[in-house]
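Notes follow the structure.
In the UniProt record's numbering, the protein residues as written are 1 to 418.
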C-alpha cells in the first residue's frame, strides 16, 4: 500500500494492536484478537512476507557480489613483489567477485608468475614496455631524473607542496609512476569493466591512485582499514583517534589499503591465468635518466619485524649510532620521529608517523620519543611497544606495553652490551 501498511486482503485483522501481538498470536501465546485462527493467518502472512523479503535481499546481495570485480595494482621491483601488495589482495578478496592483478614493468615475468600462485587471484594482467623501466617502488631507492622544460614548469607550479626542488634535477620517481601508469590503468578498467581499483597505501599507491581517480572523475578513498561491503569502507581520521565509515556511490571505487590492517594473502595454492595486455602509447613528458639505489643490510622499515626508532631526545644525528648498533644486534630496521627528521638528525625516509611510514612490527622500541599524536598514528598497531624516555608524563607511555623511565643513553649502552 502507498501508506506503508502490509496488505491484508482476505485476512481478518480485527483486534490486532501491534507487531508484538502478531508474533504472540503466531506462537500460540494469545493476544487481544483471542489467538484464534484469523490472528494466526495474519501472522503467517506477515512472516511469509518477511521471509520472502529477506530471501530476495540475500539474492540481490549475492548477485551484486558476483558482479563485483577488482583490479589490484601490483607494486614490485621487476624481480619480486612488494609485501603491501599481498595485503591489498586480501582486502580485494573481501569485496567478493573476481580479483585481478595488474603488473607493469620491464622483464617482470617473474613477478607475474609469483602473483599467479597467490590464493584468490583469478587473473594476472601483464604490460611490459621500456617506458616502465624506471617504475620501481619509490620507497626503496632515490630516483633522480632530468626533466623536460614542460615537466619542469609543472613541478615549479607545485613548489609550495614539494620539497627539495632544484632547477633541473628532482627526486621524482613517483611522478613517473603515475604519469605512465595512469593511461594503462584507465585502458584496463575500460576493457574489463572493473568496479574497484586498489593498491597499497605506500608512497607508490598514494601518488598513483588520486591521479587515476581524477581521470575517472570519481572521489578516491585513502588508507582504508576495513571493508564492510562493496561500497562501504572504514578509515581513520584525526591521526587515528577516530574511525570514519565512508559509503561510496561512485561508478568505480578507487581506494588505497593500509597494509597493517589486512593479513598478507597466501603466496601459494593459487592458479591464476597470466594474460599479456598491450601498453598504451607513452605520455613522454619526462625522460628517465638513471636510478641510484640506497642499499642497507638492515630490513626495510615497513616490512621489518623489529623496529628501533629514535626521537629528538637523542640530541644529534651522531647519537643515532647507538640505535644503529642496537638495531644490528636485533636484526631490526631503524626509524625516527618527525621531530628528529625536522632537526636534521636523519633523512626523511626514516620517518614513522602520519606523514611518514606506517609500521606494525612484532616489536617497536621507541627511544627518546615523546609520542606526539602524529607519531602514534604510524606505529600504534605494533604488536609489542617498548618506550624509553626520561619524562614519566610522555604520551608514548599511554600506548606502550613496557615503559622505562630512564636516561636513554645509559639504557642504550646497557642494551648494547647485553
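Cβ atoms here follow ideal geometry from the backbone N, Cα and C, with glycine treated the same way.
Using C-beta distances below 6 Å, list every residue in its chain close to residue i, excluding the 5 sequence neighbours before and after it, in chain order.
{"i": "residue 129", "result": "279"}
{"i": "residue 108", "result": "78"}
{"i": "residue 86", "result": "264 and 265"}
{"i": "residue 373", "result": "239"}
{"i": "residue 205", "result": "199 and 256"}
{"i": "residue 69", "result": "97, 98, 194 and 195"}
{"i": "residue 364", "result": "307, 379, 382 and 385"}
Tell me whether residue i is buried or exposed, calling it buried when 16 or more other Cβ atoms sit within 10 Å of its Cβ.
{"i": "residue 331", "result": "exposed"}
{"i": "residue 268", "result": "exposed"}
{"i": "residue 143", "result": "Because the pLDDT at residue 143 is just 36, under 50, the model does not fix this residue reliably, and the value given afterwards should be weighed accordingly. When all chains shown are included, residue 143 counts as buried."}
{"i": "residue 402", "result": "exposed"}
{"i": "residue 75", "result": "buried"}
{"i": "residue 398", "result": "exposed"}
{"i": "residue 417", "result": "exposed"}
{"i": "residue 242", "result": "exposed"}
{"i": "residue 329", "result": "exposed"}
{"i": "residue 284", "result": "exposed"}
{"i": "residue 114", "result": "buried"}
{"i": "residue 18", "result": "Any answer about residue 18 is weak, because its pLDDT of 37 lies below 50 and its placement is not dependable; what the coordinates show is given next. Under this definition residue 18 is an exposed residue."}
Under 7 Å, do residue i and residue j count as touching if we go by C-beta distance?
{"i": "residue 88", "j": "residue 199", "result": "yes"}
{"i": "residue 102", "j": "residue 73", "result": "yes"}
{"i": "residue 336", "j": "residue 309", "result": "yes"}
{"i": "residue 394", "j": "residue 366", "result": "no"}
{"i": "residue 84", "j": "residue 356", "result": "no"}
{"i": "residue 225", "j": "residue 94", "result": "no"}
{"i": "residue 81", "j": "residue 126", "result": "no"}
{"i": "residue 354", "j": "residue 378", "result": "yes"}
{"i": "residue 301", "j": "residue 412", "result": "no"}
{"i": "residue 262", "j": "residue 90", "result": "yes"}
Go through its chain and collect everything with a Cβ distance to residue i's Cβ below 8 Å, but skip five positions before and after it.
{"i": "residue 215", "result": "182 and 186"}
{"i": "residue 116", "result": "124, 270, 271, 272, 273 and 274"}
{"i": "residue 392", "result": "405"}
{"i": "residue 362", "result": "305, 306, 382, 383 and 384"}
Using CA coordinates, which residue listed in the options is at the minimum distance from residue i?
{"i": "residue 179", "options": "104, 123 and 240", "result": "104"}
{"i": "residue 341", "options": "323, 328 and 316", "result": "316"}
{"i": "residue 245", "options": "260, 223 and 323", "result": "223"}
{"i": "residue 404", "options": "417, 380, 379 and 369", "result": "369"}
{"i": "residue 98", "options": "81, 276 and 119", "result": "119"}
{"i": "residue 343", "options": "389, 314 and 258", "result": "314"}
{"i": "residue 189", "options": "305, 227, 301 and 71", "result": "71"}
{"i": "residue 325", "options": "111, 312, 298 and 351", "result": "298"}
{"i": "residue 277", "options": "378, 191 and 412", "result": "191"}
{"i": "residue 133", "options": "282, 358, 303 and 327", "result": "282"}
{"i": "residue 203", "options": "409, 396, 351 and 390", "result": "351"}
Can you find the residues in the same chain that come closer than 7 Å, C-beta to C-beta, to residue i, ignoring five residues on each side of it along the sequence?
{"i": "residue 247", "result": "231 and 232"}
{"i": "residue 220", "result": "209, 210, 213, 254 and 255"}
Does chain B have any CB closer than 7 Å to the CB of residue i?
{"i": "residue 108", "result": "No chain B appears in this structure, which consists of one protein chain only."}
Quick test of the definition: if touching needs 3 or more C-beta pairs under 8 Å, does the region 243-252 touch the region 187-207? yes
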